[in-house]
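Each remark here refers to the structure printed beneath this line.
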Amino acid sequence: MTEGLKILLLEDEPIDAELATRALHKAGIEFSPLRVETRDAFVAALKDFRPDIVLADYRLPAFDGLEALAIAVDQAPDVPFIFVSGAMGEEFAIETLHQGAADYVIKDRLGKLAPAVSRALQEAAERRLRRRAEAELAASEERFRKIAESAQDGLITVDQGESITYWNPAAERMFGYSAAEAVGRNLHRLLAPARYRQAIQQGWDRFCETGQGPVVGHTLEMSGQRKNGEEFPVELSISSVAIDGHWHATGIVRDISERHRAEALRRELAAIVESSEDAIIGKAADGRITTWNSGAEKMYGYAAADIVGKQVNQLAPDDRQQEVVDLLDAVRSGKSVAHYETVRIRSDGRLIEVSLSLSPIRDSSGTISGVSTIARDITARKAAERAIQRSNRFLRTLSRCNETLVHATEEMTLLEDMCRVVVEAGGFPMAWVAYVEHDAARSVRPVAQFGERAADYVNALHLTWADCERGQGPTGRAVRSGQVQVATDIATDANFAPWRSPALEFGYRSSVALPLKADQQVIGTLNIYAAEAGVFGEEELGLLAELAADLAFGIVTVRGRAAQRDSALKLEHALEDTIQAIATTIEARDPYTAGHQQRVSLLATAIAREMGVADAVVAGVQRGAVIHDIGKVYVPAEILNRPGKLSDIEFSLIRTHSQVGYDIIKDIDFPWPIANIILQHHERMDGSGYPNGLKGEEILLEARIIAVADVVEAMMNHRPYRAALGLDAAITEIESCAGGQFDPQVVAACVRVMRRGNVFA
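Under the numbering used here, the residues of the sequence shown are numbered 666 to 1426, in order.
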C-alpha cells in the first residue's frame, strides 16, 4: 500500500520531523519525505512534489496549520491532511476535522501516527474510487439522455422479392447507405452478415407464402452490417403487411450498440457499488428499501433478501423515528442532505454511529421517484473524537492544576484551589481531598472539597482506611494499596454499596481515588467524581496519577515553605531584638540625645514610604536609622554632652563615629546594607560629607534619606549647646541645601511628610 508513497511534512523543527518519519518507518511504512517550513515552499511542494499525504504542525514562525489546510483543500483536495502538533483544544481538534483534516496526532503520542496515516490513505483511496464511479455513472446517464433525445429508429420496408422499397434517413445514418444506394437492392445481402443468410432464406420462403415467420411479430437482437462491412448490434421488430396480394415486411431497426456498451458499463458500476465499504441504499419515495449493496449488508447485518421491500425506519432506533420522516420529507422536496451524523441500529440490536448523504432520484420526467442514500459507519471515528475530547479534558485539568501548584503559598488554599480547578477546568461535578489519620479508627479526614453540595456529600461519608466494609471504597483501598482505585460504575460497583444511594442522588456515576504520597507514605487522597460511567480509562488514569503526584509534591513544598517562613520570622525577630538592644545601649550614654535614633528612624521610614521605594529599601532605612550613631560608643560622654563649642580635635573625634559604626556592624550578616548605611549617613551629594567624600548616586539611597531625617530631627529637638529650632527652621535649612548637600527628591518627600503632621508624636 505504501510503495512509492510521498509524504510532505510542514514542520519548522527538523527534530520533530525526524521523530515523525522514524515512527512511520518503524511501523513498516516506506515513503519519500519532503520537509518544508514556509507558505511558498508548501504551495510549490503541492504542485511539484505531488504528495500522497500531508503531515503538518499547527504553529510555525510565519505560517500556521489552518492556512496550510485551506490551501491543501483548495489545491490538492484528494491529498489527506493530518495535523501533528502539541496538545490541542477540544474545539480546535473537531473544527480541523470539519474543515477537511483527515485526523490529528499529538507529538508526544507518535505511536498513533502510523495508524492515522494508513487510515487516511485508505479513506482517500476509497473516496477517489467512489468519485470515479459517480463520475462514470453520471457520464453514462448523460450519454443515455443524449441518445434518447437524438436517436431515431431506422424504418425499412421490403417486398416479396427481398428488395428494399423504403429507407428512411435514420437508416441512412445507421447503415451508411443513402436511400438511392439502398432502395431496390436485396435487403439481406446488403445488411445481414453472411452467417445469417441461410436461416433468413428458409424463413423468408414461409413468409412469402403465409406472411408469418419465426421473427414476425417479435423483437429480437441480432447483428447488422454497415456499408463499410462493420457489424453492429441491432434490435429488430418485423411486421407483415399484404399489398396487392403480396406480403411485404416492415422492419424497425434500432442501433443498440450504445445499449450494449451501457449495459457493460452498468455491470461494471454495479460491481463497484457492490464492492464499496459504504452502505449504498436505494429507497422508494415512501421510504421502502429497493436496493441494498454488500456494504449495507456488512454495516447493518441484514441480507438483501431480508430487508429489500421493508421500510427504512426499521434501521432507526425508537428515539430516531421522527428523524427518518424529516429526512425523507427533505429529500422528497428536492433537497440533498450531506454528511448527516446520527445513530442507527443493526440487526443484532447494536447501535452504530453513521454519516448519511441523501439525494433525490428523478425519473425521465424529472419527478422525484426515490431516494439514494450513502451511509458510512463512523462509530470508530466518533469514538476517536470522544477520546480526543476526554484526553483534552484531562490535559486541560492537569495544565490548570499545575498553574495552581506553581502559585500556591498556603496548604489549605492549595487544596481548595486544586479541587475547584478540577471541577471547573475538567468539567467534573465534584472533587475532594482527604488526609490519612493514624488514630485507632484509621480515619480518613476530608480537608477540602469543591462542587455543588460537595460538603453535604463528603461530610456524610464517614470513611476509614481499615480493612472493613466502610474501607472497601476507592478511597480506603487507595490508602491501603498506594495505588489508584476506580469505581467504573457506581450503580453496579459492589464495593460502593454504603455510599451508592447518595452518590447517585447527587448525580455521580463513577469516581477515582488517587493516593497522595510523601516519602513513600500515603498521606491522603485526591478523589474525583464524574457524571458518566466509564470515564476513567487507562490513558486518563495515567494523567490523573501524574496530577496526584504533582499535588503531593505541592503539599510537601508548601509545608517546607511554611517551615522556612517560620524560621525566617524567628531570625528577623532576633535581628530586631539585636538592633534594639544596640540602640538602647547607645542612647543610655547620652541623655540629651535619648530617643534621637528612634525619632530619626520614624521620620526616615515615613520619607522612604512617601517616595514609594521598595519594601526592602524601607526596611533597610528603618533598621539602619535605629543604630546609625552606634559608632558614638567610642566617643567620650563628656565630649558628646559638652554644652560649649568643641575644639577641632574633639570634633574630629566625633566624626570618626561613622567609620567606627561601620567597623562594629560590618561582620553581622543583616539582610540589608546596614553597615554601609551607617558609614555613609554623613556623606553629602556635593561631596562635602565624611568619611569618604562620596557624591550623588555613589551614596546609598538609604543613607541619603537618613541624612535628611537626621538633620531635621536634630534641629527640632534640644541639644546641650542650643535650644530646639522648630519645624519651619528645619524645613528652611534642608530646602536651602537641596541639590547641594541633600538629595532634592528626599527633601521634597520629607517636607510633604512634615507638613502633614508631626511624625515624632
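Just so you know, even glycine gets a beta-carbon here, dropped at the ideal spot from N, CA and C.
So residue i is in the alpha helix (DSSP H); what residue range does that whole segment cover?
i	result
residue 1122	1119-1124
residue 987	986-997
residue 1366	1366-1381
residue 1342	1339-1345
residue 1316	1313-1320
residue 1010	Taken as a continuous stretch (DSSP letters only), residue 1010 belongs to no alpha helix (DSSP H), being part of the beta strand (DSSP E) at 1002-1010.
residue 712	704-713
residue 852	852-856
residue 1350	Premise fails: residue 1350 is in no alpha helix (DSSP H) and is neither H nor E.
residue 1392	1392-1401
residue 691	679-691
residue 941	That residue, residue 941, is in no alpha helix (DSSP H); it is neither H nor E in DSSP.
residue 1139	1139-1146
residue 1165	1165-1170
Between which two residues does the beta strand (DSSP E) containing residue i stretch?
i	result
residue 1176	1175-1183
residue 614	Residue 614 is absent from the structure shown; the chain starts at 666 and stops at 1426.
residue 1152	1150-1152
residue 759	First-last for residue 759: 755-763, but that is the alpha helix (DSSP H), not the beta strand (DSSP E).
residue 671	670-675
residue 697	696-701
residue 1288	Note, residue 1288: premise wrong, no beta strand (DSSP E); alpha helix (DSSP H) at 1280-1291.
residue 912	911-920
What is the C-beta distance between residue i and residue j, in whole angstroms, given that I count them as a contact (C-beta under 8 Å)?
i	j	result
residue 772	residue 749	6 Å
residue 1293	residue 1262	6 Å
residue 952	residue 978	6 Å
residue 759	residue 785	At roughly 17 Å, the Cβ-Cβ gap does not stay under 8 Å, so residue 759 and residue 785 are not in contact.
residue 888	residue 851	In fact, because the Cβ distance is near 18 Å, the residues do not count as touching under 8 Å.
residue 628	residue 1174	This structure cannot speak to residue 628, because the chain is shown only from 666 to 1426.
residue 965	residue 1020	Not really, about 14 Å apart at Cβ, beyond 8 Å.
residue 1149	residue 1212	Wrong, their Cβ atoms sit about 11 Å apart, outside the cutoff.
residue 659	residue 1345	Given that the chain is displayed from residue 666 to residue 1426, the structure contains no residue 659 and the question cannot be resolved.
residue 1379	residue 1342	With 8 Å as the limit, residue 1379 and residue 1342 do not qualify as a contact, their Cβ atoms being about 18 Å apart.
residue 897	residue 870	Contact doesn't hold; Cβ gap of about 27 Å is too wide.
Check the DSSP bridge columns for residue i and list the partner residues they point to.
i	result
residue 1111	1099
residue 769	748
residue 1192	1097 and 1178
residue 823	829 and 914
residue 1187	1182
residue 957	946
residue 1035	949 and 1026
residue 1326	Note: residue 1326 sits in no beta bridge, so no partner.
For residue i, does the three-state DSSP call read helix, strand or coil?
i	result
residue 743	coil
residue 834	helix
residue 1431	Outside the displayed range of the chain (666 to 1426) lies residue 1431, so it cannot be described from this structure.
residue 1130	coil
residue 733	helix
residue 886	strand
residue 1043	coil
residue 810	Low local confidence applies: a pLDDT of 41 at residue 810 is under 50, so the model's placement there is unreliable, with the coordinate-based value given in what follows. Three-state DSSP puts residue 810 in a helix.
residue 723	coil
residue 976	strand
residue 1336	coil
residue 1160	helix
residue 1409	helix
residue 898	strand
residue 1269	helix
residue 1216	helix
residue 840	helix
residue 1020	strand
residue 872	helix
residue 1296	helix
residue 781	helix
residue 1200	coil
residue 1277	coil
residue 776	helix
residue 1155	coil
residue 904	strand
residue 1260	coil
residue 1233	Caution applies to residue 1233, whose pLDDT of 47 falls short of 50 and renders its modelled position unreliable; the model cannot decide the point.
Kindly indicate if chain B contains any beta-carbon less than 8 Å away from that of residue i.
i	result
residue 1089	Protein chain content of the structure displayed is limited to a single chain, and chain B is not contained in it.
Is any heavy atom of the ligand MG found at a distance shorter than 7 Å from the C-beta of residue i?
i	result
residue 1353	This structure simply doesn't include the ligand MG, nor any ligand for that matter.
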